C-alpha cells in the first residue's frame, strides 16, 4: 500500500454501525486506548461481517452454504493481498497488517472458525472428538479475536515472551463466547448454529476453567483493556443456564441489563485511571532522575 488510508468521519461511522451488531464487545472496545480504538472497532466489525456468513445456514439448500463460502473466500483473498480491498473495513485491516499492528494469521483464523461452524463435525459418534473440534473452532474464532486486541496493545505473536499473554487473552475470548452461547442457547439453536456437543453445564465448567487460567489479575496493566469481556463472562457463567436464558427472554435480543453494562464501565474506567496514574508517576520519576543527573 503506497499511501496511508484516511480515517474519515464517514468511514468511522460505517465501521461503528457494523460493529454495533455486537453491542457487548463494542462496549468493551470503547475502553481500548484511543490510539488503537478505531482499529479495534474495525476488527470487531470484521468479525460481525464474518458472522453474517452463517445466516444462510438456516436454509438447508446447498446454495446457502456456497454463498457463505464465497463471502469467506473473498475476505481471505483480501487479507492475503490477492484481491482489492473493496470494502469499508478492508483497507484499514490490510494497512494494520502491513504496519505490524495486527497479524494476518489471527484474522485468517477467524475465517477458518466460521468455515468450521458451517461444516460442523464429521465425528458425530465420538463425543470427545466433537468437543475437541468445537473447542478448536472457538479458539480460532472468539479466541483469535481477543488475541487481535492484545496485538493492538503491543503484543507480538512472533515474540516468544508474549506468547503466554496472548494465550491468556485467547482464554478470555473463549470464556466470553461460551457464556454468550449459554445465554443465547435457545435462540442459537433455532438458527441451526453449531452448538457445544455436550451439556450446557459441562460447557459452563469448561469456561470457568478458561477464566481461571487467564489469571487476569496478574496480567500487565497495559493489557487489561483487552480483558473486559471477562467481566461479562463471569456474570453469564455465574447465572448458569436457566437463569441466563430467562434474563435474555426478558430483554431485547442481544441487550443486557444495566448491571452488566455498569460492571464493564466500572472496570474500564478503573483501568484507565490506574494506567493514567502509573504513566504520570513514571513521567515524574524520569523527570526527577533527569534533574538529578544534571546536578
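Residue numbers (the working numbering): -3 to 291. Think of the CB as a built atom: it goes at the ideal place given N, C-alpha and C, for glycine as much as any other residue. Only a predicted model underlies this, so the values are computations on that prediction, with no experimental measurement involved.
- prompt: When DSSP labels each residue in this structure, what does residue 133 get in the three-state scheme?
  reply: helix
- request: Can you give me the Cβ contacts of residue 49 inside the same chain, cut-off strictly under 6 angstroms, excluding the 5 residues immediately before and after it?
  value: If we look at residue 49 and ignore the five residues flanking it on each side, its Cβ neighbours are 64, 67, 68, 110.
field: Rounded separation between residue 169 and residue 142 - CA only
entry: 5 angstroms
query: Is it the case that the Cβ atoms of residue 196 and residue 171 are separated by a distance below 8 angstroms?
result: no
field: Straight-line gap, residue 214 to residue 164 (C-alpha atoms, nearest Å)
entry: 11 angstroms
message: Tell me the residue span of the alpha helix (DSSP H) that contains residue 172.
response: 159 to 179
message: Beta-carbon within less than 7 angstroms of residue 135's beta-carbon, same chain only, minus the 5 sequence neighbours each way: which residues are those?
response: 166, 170
- request: Pick out whichever of 124, 23, 37, 260 has its Cα sitting closest to the Cα of residue 193.
  value: 124
Member of 8, 255, 130, 199 whose CA lies at the smallest distance from the CA of residue 114: 130
Cβ-based burial, residue 133 [other Cβ within 10 Å; buried from 16]: buried
- prompt: Hey, how far is the Cα of residue 47 from the Cα of residue 24?
  reply: Answer to the nearest angstrom: the Cα atoms are 19 angstroms apart.
task: Pick helix, strand or coil for residue 1, following the three-state DSSP scheme.
output: coil
message: Could you tell me the alpha carbon to alpha carbon distance between residue 54 and residue 184, rounded to whole angstroms?
response: Caution applies to residue 54, whose pLDDT of 47 falls short of 50 and renders its modelled position unreliable; the value that the coordinates give is listed next. Using only the alpha carbons, I get a separation of about 10 angstroms.
Which of helix, strand or coil DSSP assigns to residue 16: Residue 16 falls in the coil class under three-state DSSP.
- prompt: Exposed or buried, what is residue 231 when buried is set at 16 or more other beta-carbons lying within 10 Å of its beta-carbon?
  reply: buried
Chain-order list of residues whose beta-carbon lies under 7 angstroms from that of residue 100 (same chain, five-residue window excluded): 75, 93
field: Own chain partners of residue 40 with C-beta closer than 7 angstroms, once the 5 adjacent residues on each side are dropped
entry: 15, 18, 21, 22, 25
query: Exposed or buried, residue 175, counting other C-beta atoms within 10 Å across all chains shown (16 or more means buried)?
result: buried
- prompt: How about residue 104 and residue 79: do their beta carbons lie closer than 8 angstroms?
  reply: no
- prompt: Hey, does residue 19 have any beta-carbon neighbour from chain C nearer than 8 angstroms?
  reply: Among the chains in the structure shown there is no chain C, since it carries only a single protein chain.
message: Assuming residue 95 is part of the alpha helix (DSSP H), what are its boundary residues?
response: Per DSSP, residue 95 belongs to no alpha helix (DSSP H) and is neither H nor E.
message: By the three-class DSSP mapping on this structure, what secondary structure does residue 256 have?
response: helix
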